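Protein chains in written order, with this note's numbering: chain X, 40 to 1092; chain Z, 5 to 669.
The C-beta atom is built at its ideal place from N, Cα and C for all residues, glycine as well.
Bear in mind the structure is a predicted one, so any value in this text is a computation, not a measurement.
Each remark here refers to the structure printed beneath this line.
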């Protein structure tokens, strides 16, 4: 302490000395103003010799005197003799040059980003000192893609971070997975930290974001311990800057629609297929019973419906955001407001966000600083009931509207099977909306007791309210569907019974308190240390309530008057809480900035785990070597700007455990026996496992950072291996020991499996053309990941299927594997004898059976090995048929991509900028349900392009069109929907124009850019079974991805 | 420097101490129930009943395991629906119904064990109540084990509480399992009362335990088991006879008229039932909400007359929103020719009390949904030509047979109880409506001029000329089967000049699972109805008695029991004793079981204990005979279960080829 006092004293003395010197200097320069002057002229150019316009030329000794270069890059300034001029220009390295006549100044581009500060867990570090695998995305990239959700902009831009958007619904989020799946049941979402604390990224205004750091390797994320396995996304928001007040206004608006949709059978083609199906079956009598007579009449009258067209429209998006930032030396403020409104392709499908961000930082005195950050968002969403899938497979005949333009409840009068899917578009009869308020308040106080030491205490309070309402009223789709024929003249009582309203709400309340001590000090000048110590405590609580009633008497009430319900009422409520503690220590060491080393340890305690298992440790170490700084690399200085090798190792955890996982008690409910309501008791579904602990990921990472040719080429490569053990699996317990109910096994959470992810990540940025007016920059990110289940725990089976996700785990296969029948085609004519072995005829689905060997036509054999090593061989033929069953499932694919690639090209010419972004994702299999909705009788509608088998068309795509051969009874029909989902797409093209400085100055604004962006203009898919569909949707169909056409404006005052 | 670190550490520790409130959880919603309290213990006991209706007796899965793959049932249009069970084609460990049944039966056994084993630790509750509830649990455990041992043979006999998890379960012998079943049932018989606990008819009573015991002895007899030197057949006979003799004392009953057995009014709390799987009851009570199981068995076991669309008005086709029949669109189970041939409707009322053979239009005049006129179909020339009807019918009408009401209930939704229009009354006046015991039971025979019926399946084969005497379209039941006794896959009436009709789909519909009364409907889900199902009824006890007597060589005594069932089925105008048997052969036993019990979840077990699959399938279900193998006497062990244990290979799958070892001795 004493020593520190001394050094403090020294510093103060130095400062005083400094002050005196400054006064002297000021006096001198003031004097010099009266000294002899001369007019200095010159020109400022860039390396290519192009003149630079608007370069500020300031007198070094007095920054109040200056000018800027004109359109020819020329300047003229009156300066004292022997003085110096400073030339500065955004994006270029500033230069100071002594005055002389006819100066020719060449400014070099500033690509020297090694001094940039990168945000890491509980601190920051200069990019040059970084030892972990961290990718930074700056605000310009984040706002490049107009989207209400900032994570959309990161797709393909962070190598190893797989982001997909599977739904075009208004307000739909994205699916994220960093460096492959490690966990079987826990979510793959990374941990989001906004300005050091929890927050909601999805409602954040992308314009408020300064940078996003993605922490990928465990040496970076281990400080987040039990929640760090999926990576950490650190969002830093903008804060006020010292100097001029800055006002930013950003807006965009555009159209949201034009989804590509498969062409479905309609008119004659729909009926012909049904007819053909009957003919193939030999049961075609006449047209009378092909379809319902009323439907047939509609067909004869030529009443066709294009359901998809009727249901979908072009939506629109609009966004307005305004931010004001200001700052003095002591006070910095940032304030923003954002409004975003997205209307989807369905009527009453929309999403609005109103958000605000306030950030205030105040230096109180030398010792204390304090501040507060408030993020608030209100969201409103209306959801539709009408779904595209139902529309596509619906019968295409009838009239949607009657003669008066009102919707027909049934498009075919007299056929009540097909209810008009448009009914629920009327918000008087159907409502499904939710709204939510989220508020994050983060005050902090920071103490700087010594030079290099800060102690910060910060608190985050999160409050979330959400409400959901649903009303199904008179005249809704559900109303007509439930009542059928009677709906048109049912009694009031009967109608009432179909009408229902539900209201539910939840309150989430949590807080987190963290204390961070950082101490940066040097020993013997060349040895720099940074110590960080953190304590973290969190408490989370959520409450929910729900109520509903049937028999609302009027549509006017909708959900607002539950007491008006005359029918059955339901009520419910719930409560849940959990808490956790974390203690972190980290020490970083740097020798000459050339040899870097860091080690950290986090101890995590969690209430969710059983006593004795609540605490766990997560260590990490990493090192970096800036090879290019070595003396022996001196010779390479001419072309090699930077070469750094990083290695790191760390342990992180995954939080796949629910609150109360260690709680065990009898649960109470009701059971009715013969009309008598009894109180029943039963054991909870989850059997407590007192040994349960976190999943732990052990990650090793080797990285290489290089830049060449005056930073024209920038390259980063990482190779990693993550071994995760103790992967939690909800094991179903054998029913011989009892079950939760007759359909549900008891389950228990066990640390059962291990997984491994190995991958490589490359990022390459090249500045292909750099000139005054024309610039071309390309960025490629490539990631390849191989995920694998390495063990499934002793005693478990070879294939473990997750009932919730449908994925199957098998040693040696990727985590999210599809385990199903492997369809190899359709049995063809001429293969009757082989088909007979499986008890089927040509036209049936042909399935590959593992282990089954074909001996000769009509004969196969299979050998099974018993536990005692004996082989049992069985011969199968037309008499002893082989029963294909779910035992013959095999791993047919996996849902994670083998590799993905993002390719951004940005070209600027004078004020114009053009960005083209391509994205490719390969190797993933998707479950595209439209394929298995293929109907053998043709009655369920399917796309025109389906190439089905008939007695004259030997297709291998879809089995027999034959009304007597129910495809749903064919073994393996549901595997028809598994298909290769590889694709390449142009994700977006942006064309912008930035107004020249001259005009800006004239208009008294700082910057104005207008732009237009088109999203998803081109998609190329690999499989011929997919047509007119964007596989990024991962098999879902109801909310197709849209082509967005957006125009926007960025304005800075 | 060291000092600094020391200080820093102290600061951090202080902060942490401040923070480190305990890591305890607070979970008020979980309550504090413990098995030593009578309330919780008896609540666990009640829960042991939960699978009966919700899983076993309302879904087609168990029905297909218990009834198909026998001489009685085929698949409509010789289709591939559940061919695994109907025809033993591709039957494997992964077959859904057998896979699920294994779980359904085992699910509550550990809970029964906890109830039985923990009774001694109760701190409250009356001794009398405890005794009865323990006996109930024993009876239920015996029932679940009896289904398991019947279908899967030697499986695991677990008598441990919930919570004792064995990942390496072992098999017990069938003899050991039967011994345990009999032991449980004997103890239950002693402790159970004649009136159910809490007066709740869904709870088992003494007669339930006795009935199940007779059935268990009979089934075990198929394995040649003995008890104290007596054969199980002998024991089956004794228990059945005892129950018949002491019926009154035991609270057991046999309706003297078979039509009362199936009357809608007797569906709830049926007197002949020994053990009831009680369905949810729509009405004013929220008790409805806590009962589960949507019974769609009717929809699976009906014919598809709606395929002949001309006979129905567009708005109320039987295959669609069929308010009268229910939604007849699943049509899977088709009765075999053997089953049809079993019935002689000239004397046996069980024909119409088992099968609806005449189909009709219907109206909804009462709630004014479908007017009388809208329920009427005018006969066109096209219909006469296509269906070869008498040309004089041109312009005449088919009138509605039934009229459905529509009333709404707070819990369970809309109810559509039907009444019947009198023959010849075309007034549409609801005051004239008739209320038969069961609307789906159509009196035999249907008069030739009965204009309420449009499609009728005829037991007697009629020629084309004879058919012209009837106002309705006639489907000869014999025509429904090809020369191999298999259902037609294409119209059987195709000739070179005509393409034929859909008559091949219009077979008689099993009506044991179809009811039409207030409280039985599932709102607008017309595929499902909520009637009570009978796990066992007194009629079966007579059959077991007869079966055991026949097996023991007493054909005449066997006949006596069969005659009781035959005589109560005799149609008015036929002398009861004229249908009596003097002696009974094994075939007589099979036939009487078919007539009395078809659809009642017992045929497969019956053929199994008589080792009769090979012989009877060859005769009556030729398609199943092609695939049936000896291994099929045991159902495949559940694949789900095999995938959850650590000793799959040692346990074996009963010989279905997924494990090298079958697991059977």
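State the DSSP-derived secondary structure class of residue 936(X), mapped to helix, strand or coil.
Here residue 936(X) is taken as the residue at index 897 of the first chain, counted from 1. In this structure, residue 936(X) counts as coil in the three-state DSSP scheme.
Does residue 848(X) pass the burial test, meaning 16 or more other C-beta atoms within 10 Å, or should it be called exposed?
For the purposes of this step, residue 848(X) is identified with residue 809 of the first chain, where counting begins at 1. Per the 10 Å Cβ criterion, buried.
Fully enclosed by the stretch 240-268 of chain X, which beta strand (DSSP E) runs are 3 residues long or longer?
You should have 248-254.
Answer yes or no: does any C-beta atom of chain X fall closer than 8 Å to that of residue 570(Z)?
For the purposes of this step, residue 570(Z) is taken as the residue at position 566 of the second chain. Taking Cβ atoms only, chain X never reaches closer than 8 Å to residue 570(Z), which makes this a no.
Using the beta-carbon count (16 or more within 10 Å), is residue 439(Z) buried or exposed?
For this step, residue 439(Z) is matched to residue 435 along the second chain. The residue in question, residue 439(Z), is exposed, as its Cβ has fewer than 16 Cβ neighbours within 10 Å.
Reducing DSSP to helix, strand and coil, say where residue 66(X) ends up.
On the first chain, residue 66(X) is found 27 positions in, with the first residue counted as 1. Caution is warranted here: a pLDDT of 43 is assigned to residue 66(X), below 50, making its placement in the model unreliable, and the coordinate value is therefore given only provisionally. DSSP places residue 66(X) in helix when its eight states are reduced to three.
Looking at C-beta atoms only, is the number of pairs between the stretch 81-88 of chain Z and the stretch 110-122 of chain Z that lie closer than 8 Å three or more?
The stretch 81-88 of chain Z vs the stretch 110-122 of chain Z: no contact.
Taking only beta-carbon atoms, is residue 539(Z) less than 8 Å away from chain X?
One-based indexing of the second chain puts residue 539(Z) at position 535. By this cut-off, residue 539(Z) is not an interface position.
Is it true that the stretch 932-945 of chain X meets the stretch 822-833 of chain X, where meeting means three or more beta-carbon pairs spaced less than 8 Å apart?
Output reads yes: the stretch 822-833 of chain X touches the stretch 932-945 of chain X.
Going along chain X, which residues have a C-beta under 8 Å from residue 106(Z)?
Position 102 of the second chain holds residue 106(Z). Within 8 Å Cβ-Cβ: 774.
Verify the CB distance criterion: does residue 145(X) have a CB-CB separation below 8 Å to chain Z?
Here residue 145(X) refers to the residue found at position 106 of the first chain. Not closer than 8 Å to any Cβ of chain Z, the Cβ of residue 145(X) fails to qualify, so no.
Less than 8 Å between C-beta atoms, sequence neighbours within five positions excluded: which residues of the same chain meet that for residue 352(X)?
For the purposes of this step, residue 352(X) is taken as the residue at position 313 of the first chain. So the list reads 296, 384, 385 and 386, once near-sequence residues are dropped.
Using DSSP bridges, identify the partner residues of residue 514(Z).
Residue mapping note: residue 514(Z) aligns to position 510 of the second chain, counting from 1. Per DSSP, 359(Z).
Using the beta-carbon of each residue, which ones in chain X are nearer than 8 Å to residue 170(Z)?
Stepping through the second chain from its first residue, residue 170(Z) is reached at position 166. The answer, in chain order, is 773, 775 and 776.
With a CB to CB cut of under 7 Å and the five nearest residues on each side skipped, what residues in its chain are close to residue 382(Z)?
Numbered from 1 along the second chain, position 378 holds the residue referred to as residue 382(Z). Cβ within range, chain order: 399 and 401.
Between the C-alpha atoms of residue 661(Z) and residue 903(X), what's the straight-line distance to the nearest angstrom?
For the purposes of this step, residue 661(Z) is identified with residue 657 of the second chain, where counting begins at 1. For the purposes of this step, residue 903(X) is identified with residue 864 of the first chain, where counting begins at 1. Whole-angstrom Cα-Cα distance: 8 Å.
The alpha helix (DSSP H) with residue 643(Z) in it runs from where to where?
Residue numbering aside, residue 643(Z) sits at position 639 when the second chain is read from its first letter. Element bounds for residue 643(Z): 643-646.
So the alpha helix (DSSP H) residue 332(X) belongs to, where does it begin and stop?
Position 293 of the first chain, counted from the start, is the residue given in the question as residue 332(X). Element bounds for residue 332(X): 332-339.
Along chain X, in chain order, which residues have C-beta atoms closer than 9 Å to that of residue 517(Z)?
Residue mapping note: residue 517(Z) aligns to position 513 of the second chain, counting from 1. None at all; the shortest Cβ gap to chain X is about 18 Å.
Exposed or buried, residue 786(X), counting other C-beta atoms within 10 Å across all chains shown (16 or more means buried)?
Position 747 of the first chain, counted from the start, is the residue given in the question as residue 786(X). Residue 786(X) comes out buried.
List the DSSP bridge partners of residue 792(X).
Taking the first residue of the first chain as position 1, residue 792(X) is located at position 753. Residue 792(X) is bridged to 766(X).
Roughly how many whole angstroms lie between the Cα atoms of residue 530(X) and residue 371(Z)?
Position 491 of the first chain holds residue 530(X). Position 367 of the second chain holds residue 371(Z). Those two C-alpha atoms are separated by around 7 Å.
By Cβ distance below 6 Å, which residues in the same chain neighbour residue 138(Z) in space, the five residues on each side in sequence not counted?
For this step, residue 138(Z) is matched to residue 134 along the second chain. Contacts found: 120 and 123.
Using a Cβ cut-off of 8 Å, pull out every chain Z residue sitting near residue 646(X), in sequence order please.
Here the question's residue 646(X) lines up with position 607 in the first chain. Per Cβ cutoff of 8 Å: 27, 28 and 29.
When DSSP labels each residue in this structure, what does residue 597(X) get in the three-state scheme?
Here residue 597(X) corresponds to residue number 558 of the first chain, with the count starting at 1. Residue state, collapsed to three classes: helix.
Within the chosen definition, does the stretch 131-151 of chain Z reach the stretch 184-199 of chain Z through at least 3 CB pairs nearer than 8 Å?
Yes, since at least three Cβ pairs between the stretch 131-151 of chain Z and the stretch 184-199 of chain Z fall closer than 8 Å, the two stretches touch.
Within its chain, find whatever has a CB closer than 8 Å to the CB of residue 721(X); leave out the 5 residues flanking it on each side and keep chain order.
On the first chain, residue 721(X) is found 682 positions in, with the first residue counted as 1. Closer than 8 Å at Cβ, skipping near neighbours: 705, 706, 708, 779 and 780.
If we ignore side chains and look at the alpha-carbon of each, how far apart do residue 931(X) and residue 265(X) end up?
On the first chain, residue 931(X) is found 892 positions in, with the first residue counted as 1. On the first chain, residue 265(X) is found 226 positions in, with the first residue counted as 1. Going from the Cα of residue 931(X) to the Cα of residue 265(X) covers about 33 Å.
For residue 447(X), which residues in the same chain have their Cβ closer than 8 Å to its Cβ, ignoring the five residues on either side in sequence?
Taking the first residue of the first chain as 1, we reach residue 447(X) at position 408. So the list reads 437, 438, 439, 440, 441 and 459, once near-sequence residues are dropped.
What's the gap between the Cα of residue 709(Z) and the Cα of residue 650(X)?
Beyond the ends of chain Z as shown, which are 5 and 669, falls residue 709(Z); an answer cannot be given.
Count the CB pairs spanning the stretch 352-363 of chain X and the stretch 255-273 of chain X that are closer than 8 Å, and state whether there are at least three.
Contact between the stretch 352-363 of chain X and the stretch 255-273 of chain X is absent, because fewer than three Cβ pairs lie under 8 Å.
Counting only Cβ-Cβ distances shorter than 9 Å, please list the residues of the stretch 603-625 of chain X near chain Z, keeping chain order.
Listed by position, the residues of the stretch 603-625 of chain X near chain Z (Cβ gap below 9 Å) are 605, 606, 607, 608, 609, 612, 613, 614, 615, 616, 617, 618, 619, 620, 622 and 624.
Quick one: does residue 259(Z) have its CB under 8 Å from some CB of chain X?
Here residue 259(Z) is taken as the residue at index 255 of the second chain, counted from 1. Not an interface residue.
Find out if the Cβ-Cβ distance for the pair residue 247(X), residue 277(X) is shorter than 8 Å.
Here residue 247(X) corresponds to residue number 208 of the first chain, with the count starting at 1. Here residue 277(X) corresponds to residue number 238 of the first chain, with the count starting at 1. Cβ distance < 8 Å, so residue 247(X) and residue 277(X) count as in contact.
Distance, Cα to Cα, residue 636(X) vs residue 214(X)?
Taking the first residue of the first chain as 1, we reach residue 636(X) at position 597. Taking the first residue of the first chain as 1, we reach residue 214(X) at position 175. Computed Cα separation, rounded: 34 Å.
Under a CB-based cut-off of 8 Å, is residue 1015(X) close to chain Z?
For this step, residue 1015(X) is matched to residue 976 along the first chain. No, its Cβ sits nowhere closer than 8 Å to a Cβ of chain Z.
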